[in-house]
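K.L.:
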Amino acid sequence: MIRHYTEIYRQETLSRFSMEFAGFRSAVMTELRFSTTAHYTSDGLMMIKQENGQAVVQTASGSAVELVFHLIERVEIKQMGPFSGGTITLSGDDEENIRATVVFDGLMVICERLFYRHRPEWQPGRFSRLRGEIPTPEAIEAYLQDDDWRECSECAEAWFDPEEFSYCPECGSLTQLYVDG
Ligand SMILES: [Zn+2]
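All residue numbers for the sequence shown refer to the numbering used here, where the first residue is 341 and numbers rise by one.
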């Protein structure tokens, strides 16, 4: 499980999220990005493994929340932003088949797993907050070495990338540097 992120997979976590971010319904999404993990098979076919996404949402009370969409099933963008007025609903009858639906004005994302992270330090501004690789729940720890390089906890490969999330160039694992404790 990735550190610092909370999964919204039950009504209890959704209720807690709604209480923590009471301004979510009048919030504005200021950044949104998607990634597709793909590779070529030996006979040249491109296989798409998963589609993930990440967003920054600024609430009216001045606190920001980061959303991570994992295994996206559907995205609908009806108009360009600003995407405002967020709601999250969960559907599915058991925990295996949960789908999270995130809706803003003009935007809908349906994914299998949804995560959030409180970002109190992310005030609205001109520059992008989202950098490095998009987090996924399979991320493993990278150890910070004395020279600021990072070491993969799976294969011990070391490389330099100061971003929190970075793919190991040797084994391909997504690694997370455990920053701020
Ligand atoms: Zn590795």
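The C-beta atom is built at its ideal place from N, Cα and C for all residues, glycine as well.
At the level of alpha carbons, what is the spacing between R418 and G446?
P.N.:
In the sequence shown, the residue the question calls residue 418 occupies position 78. In the sequence shown, the residue the question calls residue 446 occupies position 106. In the sequence under discussion, the amino acid at residue 418 is Lys, which differs from the Arg named in the question. Whole-angstrom Cα-Cα distance: 5 angstroms.
K.L.:
Going by DSSP in three states, T381 sits in which element: helix, strand or coil?
P.N.:
Locating residue 381 in the sequence shown gives position 41, where the first residue counts as 1. Correct three-state label for T381: coil.
K.L.:
Which full runs of the alpha helix (DSSP H) of 4+ residues lie inside the stretch 448-516, going along the chain?
P.N.:
You should have found no qualifying run.
K.L.:
Would you tell me roughly how many angstroms separate the C-alpha atoms of E352 and L430, rounded to the nearest one?
P.N.:
In the sequence shown, residue 352 corresponds to position 12, counting from 1. In the sequence shown, residue 430 corresponds to position 90, counting from 1. Cα to Cα, the separation comes out at about 11 angstroms.
K.L.:
Rounded to whole angstroms, what is the Cα-Cα separation between Y456 and Y345?
P.N.:
Your numbering for residue 456 matches position 116 in the sequence shown. Your numbering for residue 345 matches position 5 in the sequence shown. If I take the Cα positions, the gap works out to 6 angstroms.
K.L.:
Residues in the same chain with beta-carbon distance under 8 angstroms from L411, minus the five sequence neighbours each way, listed in chain order, please.
P.N.:
Residue numbering aside, residue 411 sits at position 71 when the sequence shown is read from its first letter. Excluding sequence neighbours, L411 sits near Q390, E391, N392, C451, E452 and R453.
K.L.:
Suppose the cutoff is 8 angstroms on Cβ atoms and the five residues either side in sequence are ignored; what does the same chain contact list for G402 look like?
P.N.:
The residue given as residue 402 occupies position 62 in the sequence shown. Cβ neighbours of G402 beyond the five flanking positions: Q463.
K.L.:
Going by C-alpha to C-alpha distance, which of T515, G465 and E504 sits closest to E478?
P.N.:
Your numbering for residue 478 matches position 138 in the sequence shown. Taking only the C-alpha atoms, the option nearest E478 is T515.
K.L.:
Quick one: give me the first and last residue of the alpha helix (DSSP H) that E352 is part of.
P.N.:
On the sequence shown, position 12 is the one that residue 352 refers to. Q351 to E360 is the extent of the alpha helix (DSSP H) around E352.
K.L.:
What would DSSP say about G521, mapped onto helix, strand or coil?
P.N.:
Against the sequence shown, residue 521 aligns to sequence position 181. Reliability fails at G521, whose pLDDT of 48 lies under 50, so the model's placement of it is uncertain and the value that follows must be treated cautiously. If DSSP states are grouped into helix, strand and coil, G521 belongs with coil.
K.L.:
Is C492 near ligand 1, with its Cβ less than 7 angstroms from a heavy atom?
P.N.:
The residue given as residue 492 occupies position 152 in the sequence shown. Under cutoff, so the answer is yes.
K.L.:
What do you get for G521, buried or exposed, if any count of 16 or more other CB atoms within 10 angstroms of its CB means buried?
P.N.:
Along the sequence shown, read from residue 1 onward, the residue named residue 521 stands at position 181. Note that G521 has pLDDT 48, beneath the 50 cutoff, so the model's placement of it is unreliable and the number below is only indicative. Exposed, by the Cβ-count rule.
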